[in-house]
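Anchor point for the sequence shown: position 81 equals 81 in the working numbering, and the numbering is continuous, going up by one each time. No residue lacks a Cβ here, since even glycine has one placed at the ideal position from N, Cα and C. Every value quoted in this text rests on a predicted model; they were computed, and no experiment measured them.
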Amino acid sequence: MDRLTSMAVFVRVVEKGSFTAVADELGLSTTMVANHVRALEQQLGARLLDRTTRRHSLTEIGSAYAERCRDVLSSVQAADQVAEALRAVPQGTLRVTAPVTWGAYRLMPVIGAYMAAHPGVQVELSLNDRVTDLHEEGFDVAIRSGPLQEDSLIARPLAPARMHAVASPAYLEAHGTPREPADLAEHACLGFMAWGRHHQWRFRRGERTVEVPVRGPLVCNNGQALLSAALCGVGVVVQADVLLEPSLRAGHLVRLLPEWELPQRQVHIVRRPEVRPTAKLRTFVDFVVEKLG
1 MDRLTSMAVF VRVVEKGSFT AVADELGLST TMVANHVRAL EQQLGARLLD RTTRRHSLTE
61 IGSAYAERCR DVLSSVQAAD QVAEALRAVP QGTLRVTAPV TWGAYRLMPV IGAYMAAHPG
121 VQVELSLNDR VTDLHEEGFD VAIRSGPLQE DSLIARPLAP ARMHAVASPA YLEAHGTPRE
181 PADLAEHACL GFMAWGRHHQ WRFRRGERTV EVPVRGPLVC NNGQALLSAA LCGVGVVVQA
241 DVLLEPSLRA GHLVRLLPEW ELPQRQVHIV RRPEVRPTAK LRTFVDFVVE KLG
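What follows is the structure, encoded as structure tokens:
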């Protein structure tokens, strides 16, 4: 039998002085109430109650054990209340992980707004471009870019990342502005190292799709570095809107082939499948979806 349940039944027997009264109160049979008390006595190897046909009286061990049971049950109730408070009011530390660029440029302002709305929550944000294991690494929530590969996580979609081809005004003045995707074959196209040296950019307009081989003097494993190279006039780069928007607004970069679309990249916010998530986790996910969904 469950030890805590047996303790609770035993304490009620002590307080009411009757197996029958406790059985009526808890919706159990009198035999089941007696079984709970007997289970404790067997585990302890000592008698807790002296039983007669008319009454039950505590033994010396039973009296001391009843007091300890009250302490234990009170501690369990307090622990339950702490857990319930964490579920009811956003508080405590929330561990979040996200891709570097997306987290720094898009998620960070939202985290600031969330913390202003919920000052009882502290956020630990880890930015990296690898897929983290929420269970093993102890994260509460993650932002995932690209197709989801874990069916065990609860995922909610966010606005997809849109990709743009851009170059600096100085580069375009020196090399000309491409009018069609095929024109990029004559330009210095800067590649992301994870794609490999030989890959293609896929452009679409309506039902028409054009794949352009990417050739250029530079490949790099960091989007921010590729952006810097494009700003310096090294060549044409394809990056996500979240990284490009400040430079586009300032006129430091020019979007190329705006009538053509590049493939979007899916973005999700994911968490572990807890039946009753804490208030900090529940409200954070809802807040991010509201702001970035």
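Checklist entry - My guess is that H268 and L107 are in contact by the Cβ rule of under 8 Å, so how many angstroms apart are they, rounded? => result In this structure H268 does not touch L107 by the C-beta definition: roughly 13 Å separates them, more than the 8 Å allowed.
Checklist entry - Under three-state DSSP, which class holds G235? => result DSSP places G235 in coil when its eight states are reduced to three.
Checklist entry - Is V9 helix, strand or coil when you go by DSSP? => result Helix at V9.
Item to check | Alpha carbon of G216 to alpha carbon of V242, nearest angstrom | outcome: If I take the Cα positions, the gap works out to 24 Å.
Checklist entry - Terminal residues of the continuous beta strand (DSSP E) containing P213? => result Its beta strand (DSSP E) spans residues 208-213.
Next on the checklist: Going by C-alpha to C-alpha distance, which of V210, L253, P213, R208 sits closest to G228?
Outcome noted: Reading off the sequence shown, one finds Ser at residue 228, where the question assumed Gly. Closest option to S228, Cα to Cα, is L253.
Checklist entry - When the distance is taken between beta carbons, is R38 closer than 7 Å to V22? => result No, these two residues do not count as a Cβ contact at 7 Å.
Next on the checklist: Does C232 pass the burial test, meaning 16 or more other C-beta atoms within 10 Å, or should it be called exposed?
Outcome noted: Counting Cβ neighbours within 10 Å, C232 comes out exposed, since fewer than 16 surround it.
Next on the checklist: Give me, in chain order, the residues of the same chain whose beta-carbon lies closer than 7 Å to that of T132; leave out the 5 immediate sequence neighbours on both sides.
Outcome noted: Result list for T132: T97, F139, A142, in chain order.
Next on the checklist: For V212 and Q264, what's the separation of their Cα atoms in angstroms?
Outcome noted: Taking the straight line joining both Cα atoms gives about 17 Å.
Item to check | For G112, the first and last residue of its enclosing beta strand (DSSP E) | outcome: If you look at G112, you'll find it isn't in any beta strand (DSSP E); it sits in the alpha helix (DSSP H) that goes 108-117.
Item to check | Local Cβ density within 10 Å of G235, reported as buried at 16 or more and exposed below that | outcome: Classified as buried, G235 has 16 or more neighbouring CB atoms from the shown chains inside 10 Å of its CB.
Next on the checklist: Distance check for A79 and A88, CA to CA, integer angstroms please.
Outcome noted: Computed Cα separation, rounded: 14 Å.
Item to check | Cβ contact (3+ pairs, closer than 8 Å) linking the segment 144-155 and the segment 172-192 | outcome: Flag = no, the segment 144-155 and the segment 172-192 do not touch.
Checklist entry - So G103 packs on L127, CB below 8 Å; how close in whole Å? => result Right, the Cβ-Cβ distance comes to about 4 Å (below 8 Å), so this counts as a contact.
Next on the checklist: Can you look up R3 in the DSSP assignment and give me helix, strand or coil?
Outcome noted: In the displayed model, R3 falls within a helix according to three-state DSSP.
Item to check | Nearest neighbour of E15, chosen from A66, L148, R51, V166 [CA to CA] | outcome: Nearest of A66, L148, R51, V166 to E15, Cα basis: A66.
Next on the checklist: Give me the DSSP bridge partner(s) of D50.
Outcome noted: Per DSSP, S57.
Item to check | Contact set for M7: own chain, Cβ-Cβ below 8 Å, skip 5 residues either direction | outcome: By the criterion of a C-beta distance shorter than 8 Å, M7 is surrounded in its chain by L40, C69, V72, L73, once the five residues flanking it on both sides are discounted.
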